[in-house]
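Since the structure comes first, as structure tokens, the remarks are kept for the end.
Number of protein chains: 2
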Amino acid sequence: MPASTSARADPHHDAKPRRRVGRPAAAVLDQAGITAAALQLIGKSGYDGFTMAALARTLNVAPSALYNHVSSKRDVLVLVQDHLASLVDVSAFEAEPWERAVRAWAWSYRDVFSQHTPLIPVIAVLPVTDAPKTLAMYEAVSAGFSRAGFPQGRIVSAIVALESFIFGSAYDVTAPADIFDSGSMAESTPNFTAAVQAQDLESYGKPADVAFNLGLEAMIARFGALRG
Amino acid sequence: MPASTSARADPHHDAKPRRRVGRPAAAVLDQAGITAAALQLIGKSGYDGFTMAALARTLNVAPSALYNHVSSKRDVLVLVQDHLASLVDVSAFEAEPWERAVRAWAWSYRDVFSQHTPLIPVIAVLPVTDAPKTLAMYEAVSAGFSRAGFPQGRIVSAIVALESFIFGSAYDVTAPADIFDSGSMAESTPNFTAAVQAQDLESYGKPADVAFNLGLEAMIARFGALRG
DNA sequence: ACCACTAAATGAATGTCATTCATTTAGGAT
DNA sequence: ATCCTAAATGAATGACATTCATTTAGTGGT
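So the sequences go chain by chain: G and D.
Numbering that gives the first Met the number 0 puts the first residue of the first sequence at 0, with every later residue one more than the last.
Numbering that gives the first Met the number 0 puts the first residue of the second sequence at 0, with every later residue one more than the last.
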């Protein structure tokens, strides 16, 4: 058998980075493609499996090629986070009364980011300038608050308070079910242990949802009273 | 000059790991010491400078020695987080009415962890069994809720809601002041831009504090109404 | 006293990453 | 034609966390 001239040495998986050195005729990468691939990779492998090398592999590219389009891994995370912001449903602010709109937005926001909690530390300190779709979300929400007669000077504070609650609650969704099981220390924490048991008996739905509902309705009720 | 027999070769800094191989007469490390050193290191160098090697250096020990007492870096973070929980002020639950107690606890809790936001992802999914001091905090808080006539089945949900809000708000404290500066995109986001400006004019105190106060008072007011 | 066991150190790998750099190539502008 | 810049490759680099073999010191049992 003659050594094959065109076959790859390792026919294990297809789509290996078979591209010769130098600038290709048409660009392979751009930020949109990187974002989409990152999102898909995160969906398949989670944030643990999300490495620059793995991302490059799914794009059929050398890792270093990514750095022609983003300046760091954090940059990729910012792109992903901004894309996710566009998945948050703000449509209710144009069609429904304020209370219902806030409720729909908040649940949607929490649901989107509960699948992406590793992004929360990134979002929380990210200037809105770097995240246009996130900024668009804020615009839709503040327009809704404004239209509902919310006092101008408190709109941002109210949104920040809601958002803080949403981010914190997103973590809860991912927490293990038995996180409050006090185990062998139950005797030394009678009040807490009793409260945990009472909750298990009395509440319907997932605990994270019950808590989110409780806090959200509290904020909606009080904030609603601020409207002129 | 004879070659000195006891002087170290490199007199650059003192306290290098000059200890001969093998088990020392008295143990050098324990979890309490590791926790204290970690806390001090984090205070000095932040979470970026917090590496196992750096921690070992401050303890005058080889990095691998740490693994005789903790099983991972995450383990160290759990120890630190649990220590911080003991710094949260729950004393008001024994001396003050419910509303004031919740208020004092929540502000204290936020202030402690706003300096340690990288721990939040760790805490949020940590079983209480692994964090005895955190469990003690929950016990004090739920005892306070119980004593105040809060319905048993909702105590945990209420605490979780408050805690979620607290964690999210802890991030806000660390956010840059101009995080909401929409910059060149201001024209396309008139409502949000106006709201940001109105806030700057009208509100006193740090924005993060104003937002935290707003959300916290909303929860206290509504939750207070649940008491029997 | 002796011996086996376990605990607690050291120091030398290991392997995984993100990131950088030199090099190569393509296409557009002067 | 020539130059410049953009976009690839592939080969370092440098941090890290973590593991392993080895050494030494007490301890409990015989």
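In this text, a Cβ means the ideal position worked out from N, Cα and C, and glycines have one as well.
Beta-carbon separation of residue i and residue j under 8 Å?
i	j	result
H68(G)	L28(G)	yes
A157(D)	F144(D)	yes
P150(G)	G227(G)	yes
V127(G)	L76(G)	no
R102(D)	I219(D)	yes
A94(D)	L215(D)	no
F92(G)	A100(G)	yes
F164(G)	S163(D)	yes
A217(G)	A217(D)	yes
A130(D)	Q80(D)	yes
R109(G)	R221(D)	no
V89(D)	A139(D)	yes
Mind checking residue i: buried by the 16 CB within 10 Å criterion, or exposed?
i	result
S168(D)	buried
L83(G)	buried
V124(G)	exposed
G148(D)	exposed
R153(D)	buried
V20(G)	exposed
S85(G)	exposed
Y66(G)	exposed
R7(G)	With a pLDDT of 42 at R7(G), under the threshold of 50, the modelled position of this residue cannot be trusted; read the value that follows with caution. It is exposed - the Cβ of R7(G) has fewer than 16 other Cβ atoms within 10 Å.
E186(D)	exposed
P206(G)	buried
L200(G)	exposed
Once you ignore the five residues that flank residue i on each side, which residues in its own chain have a CB closer than 8 Å to its CB?
i	result
S181(D)	T188, F191, T192 and V195
S141(D)	I154, V155 and I158
L78(D)	Q30, I33, T34, A37 and V69
A197(D)	none
F49(D)	A37, L40 and I41
L225(G)	F149, P150, R153 and A157
Using a Cβ-Cβ cutoff of less than 7 Å, which residues in the same chain neighbour residue i once the five nearest sequence positions on both sides are dropped?
i	result
H115(G)	L83
M0(D)	With a pLDDT of 45 at M0(D), under the threshold of 50, the modelled position of that residue is not reliable, and no figure is offered here.
Y46(G)	P117
K72(D)	M51
S3(G)	Model confidence at S3(G) stands at a pLDDT of 43, short of 50, so the residue's coordinates are unreliable; what they give is reported in the following sentence. For S3(G), where only same-chain residues beyond five positions count, there are no Cβ hits under 7 Å.
A26(G)	none
F179(G)	V195
I119(G)	F112, F166 and A169
S202(D)	V209
R18(D)	none
M184(D)	none
Enumerate in chain order the residues of its own chain whose CB-to-CB distance from residue i is below 6 Å, with the five nearest sequence positions on each side excluded.
i	result
D9(G)	With a pLDDT of only 44 at D9(G), under the threshold of 50, the placement of this residue in the model should not be trusted, and no figure is reported.
W97(G)	A147
S107(G)	V87 and D88
L58(D)	A36
D177(D)	none
*asked:* Does the structure place the region 120-140 of chain G close enough to the region 132-142 of chain D that three or more beta carbon pairs sit under 8 Å?
replied: no
*Pair every Cβ in the region 169-177 of chain G with every Cβ in the region 200-210 of chain G, then say whether three or more of these pairs are closer than 8 Å.*
Look at the beta carbons and you see the region 169-177 of chain G touching the region 200-210 of chain G: at least three pairs across the two are nearer than 8 Å.
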